[in-house]
Amino acid sequence: MTEAGTEGRGIRVAIAGTGGIAGICHIPALQGEAHRAEVVAAMDVDAGRVKTFCDEHDIPAAFTDLDRMLDEVRPDLVHVCTPPVAHAEQVVACLRAGAWVLCEKPPCLSLAEYDRITAAEGADGSGGPYAAIVYQHRFGSGARRMRELMAGGELGRPLVAQCVTAWYRDHAYFEVPWRGRWDTEGGGPTLGHGIHQIDLMLSLLGEWSEVRAMAGRLDRDVQTEDVSMAMVRFGSGAMASVVNSVLSPREESYLRFDLTDATVELRHLYGYRDADWSYTPAPHVAAARAAAWTAPARAGGADVPSSHGAQLTALLDCLERGERPPTSGAGGRQTLEFVTGLYKSALTGRPVSRGELVPGDPFYRRLHGDTPGWAPEVGP
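UniProt numbering numbers the first residue of the sequence shown as 1 and each following residue consecutively.
Given below as structure tokens:
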């Protein structure tokens with residue numbers, strides 16, 4: 001047997017939560033890995049919905065109880081696609097049952113919950129199980145190419161960045177009972193929408209050191225914010241601006257990185273291809289050098305879109321080797337830690353340093369930090 005325990009048979013996969021994201025993103029990703037991964041069960045608290053889902057996707061076993069599914073099916077990997085409030089408890093249950101996890105974003109409702117998840121994982125070098133968070137934008141070939149160029153010093157030193165998630169969610173979107181509430185969704189567009197671009201920015205620029213932010217409830221009927229803005233300083237000295245909105249009729253996801261030798265831009269909405277990245281050399285950079293930055297794509301190199309499929313391929317590779325996936329443990333925590341710092345700064349009106357987000361800080365336990373005017377009022 002391999003360390004992950006799958007030699008001689010396919011990787012047995014189960015899905016927890018059969019709402020929209022499971023069918024739209026996770027099933028196609030799993031179909032792309034059908035040569036080594038088989039969906040053997042699905043679970044949802046809605047019996048009718050899980051039966052319909054299993055019938056539609058030829059999944060042999062339907063459950064309405066996670067513990068029962070874990071006990072009877074013994075999956076190698078569980079895709080957790082439930083609302084955010086359920087993530088921590090369900091991910092920990094899967095890990096304790098010996099299953100690896102791919103958990104939808106946001107990973108959970110607080111750093112305290114995330115650290116519970118990490119504590120339930122296997123130790124590094126143990127072969128798992130591990131819980132990876134869905135941060136699929138790290139895994140497209142465009143991001144991989146830029147990461148390699150930065151690591152090789154080809155683009156120079158990062159100086160300035162912009163990270164914009166300008167999306168639109170109408171009033172009806174927030175009529176779903178668990179949306180827009182701290183206790184069930186955990187946060188607003190900063191946590192649930194902008195987290196995609198934030199994670200990609202952090203994966204390229206490294207550790208942040210300080211954040212100054214604002215948040216507002218400008219139009220939607222929510223407990224959380226519907227817009228936030230932040231200024232960020234990184235450990236390298238680079239600085240960035242971050243915008244998260246669900247109030248923007250012309251939707252766009254935009255990242256810009258200004259380095260000493262180039263400006264790199266990414267424009268897309270919910271997923272990118274290589275053509276969505278552009279490189280502008282600084283005046284002192286020779287044309288031949290700049291041409292090499294995008295040569296692999298022009299020469300027919302693999303154009304891998306950012307997608308659940310790209311991340312699942314990397315995760316299954318890790319599972320087969322018994323290695324920790326890059327968006328688990330500390331690799332997944334950095335993004336939630338940044339989001340926590342942004343909320344703390346926005347709700348307290350002061351700059352936040354990374355090192356202060358520790359147990360005992362109210363924002364470590366809840367992203368509203370019990371802040372008056374933001375935390376839900378407690379009745380008598």
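From the three backbone atoms N, C-alpha and C, an ideal C-beta is built for every residue, glycine too.
Source: prediction; values computed, not measured.
Would you kindly report the start and end of the unbroken beta strand (DSSP E) that includes C54? Looking at the DSSP string, C54 is not in any beta strand (DSSP E); the run it does join, the alpha helix (DSSP H), is A47 to H57.
Do three or more CB pairs link the region 229 to 243 to the region 357 to 367 at distances below 8 Å? no
Assign D44 to one of three DSSP states: helix, strand, or coil. coil
I'd like the list of long-range same chain contacts for S203, defined as Cβ closer than 6 Å, with 5 residues on each side in sequence excluded. R138
Top-ranked residue by Cα proximity to V164, from F257, Y130 and I59: F257
Sequence-distant residues of the same chain with beta carbon closer than 7 Å to R157, five excluded per side: L259 and T260
For A375 and A215, believed in contact at Cβ under 8 Å, the rounded distance: With a Cβ gap of about 13 Å, A215 and A375 do not count as contacting.
Apply the 10 Å Cβ neighbour rule to Y343 and answer buried if 16 or more other Cβ atoms are within range, or exposed otherwise. buried
Among A282, H79, A41 and V285, which has the Cα closest to the Cα of D58? A41
For F174, which residues of its own chain have a beta-carbon under 7 Å away from its beta-carbon, when the five flanking residues on both sides are left out? G180, R220, D221 and V222
Under the three-state reduction of DSSP, which class applies to S307: helix, strand or coil? coil
Nearest-angstrom Cα distance between V39 and Q31? 9 Å
Rounded to whole angstroms, what's the CA-CA distance from A262 to G152? Just pull it up for me. 14 Å
Minimum length 3: unbroken beta strand (DSSP E) runs contained in the region 99 to 169: 100 to 103, 131 to 133 and 158 to 168
By Cβ distance, which residues of its chain are closer than 8 Å to G235, with the 5 residues on each side in sequence left out? G206, E207, W208 and S209
Applying the 10 Å Cβ sphere with the 16-neighbour rule, what's the burial state of I195? buried
Whole angstroms is fine: what's the gap from G329's alpha carbon to P60's? 32 Å
According to the Cβ coordinates, are L357 and G332 closer than 9 Å? no
Between which two residues does the alpha helix (DSSP H) containing W293 stretch? A287 to W293
At the level of alpha carbons, what is the spacing between C218 and D226? Contrary to the premise, residue 218 reads as Leu rather than Cys in this sequence. Cα to Cα, the separation comes out at about 7 Å.
Please report the straight-line C-alpha distance between G355 and R250, rounded to a whole angstrom. 37 Å
Look at the Cβ atom of V80, then the Cβ atom of L102, and state whether they are nearer than 9 Å. yes
Using a Cβ-Cβ cut-off of 7 Å (strictly less than) and excluding sequence neighbours within five positions of R49, which residues of its own chain qualify? T18
With burial defined as no fewer than 16 other Cβ atoms inside 10 Å of the residue's Cβ, what is the status of E56: buried or exposed? exposed
DSSP three-state label for Y270, please. coil
Where DSSP assigns a beta bridge to V39, which residues make up the other side? V13
Who are the Cβ neighbours of A132 in its own chain at under 6 Å, not counting the five residues just before and after it? L102, L315, P325, T327 and S328
Following the continuous alpha helix (DSSP H) through Y364, name the residue where it begins and the one where it ends. P362 to R365
Which class does T313 belong to by DSSP, given the choice of helix, strand or coil? helix
Classify V176 as buried or exposed, calling it buried when 16 or more other Cβ atoms lie within 10 Å of its own Cβ. exposed
Beta-carbon spacing of R36, E377 below 9 Å: no
What three-state label does DSSP hand G187 in the structure shown? coil
Would you mind working out which of A14, V352 and G349 sits nearest W100, comparing C-alpha positions? A14
For V85, which beta-bridge partners are listed by DSSP? For V85, which the question treats as bridged, DSSP gives no partner whatsoever.
Flag this pair as yes or no: are the beta carbons of T118 and E104 separated by less than 9 Å? no
Flag this pair as yes or no: are the beta carbons of R144 and V304 separated by less than 9 Å? yes
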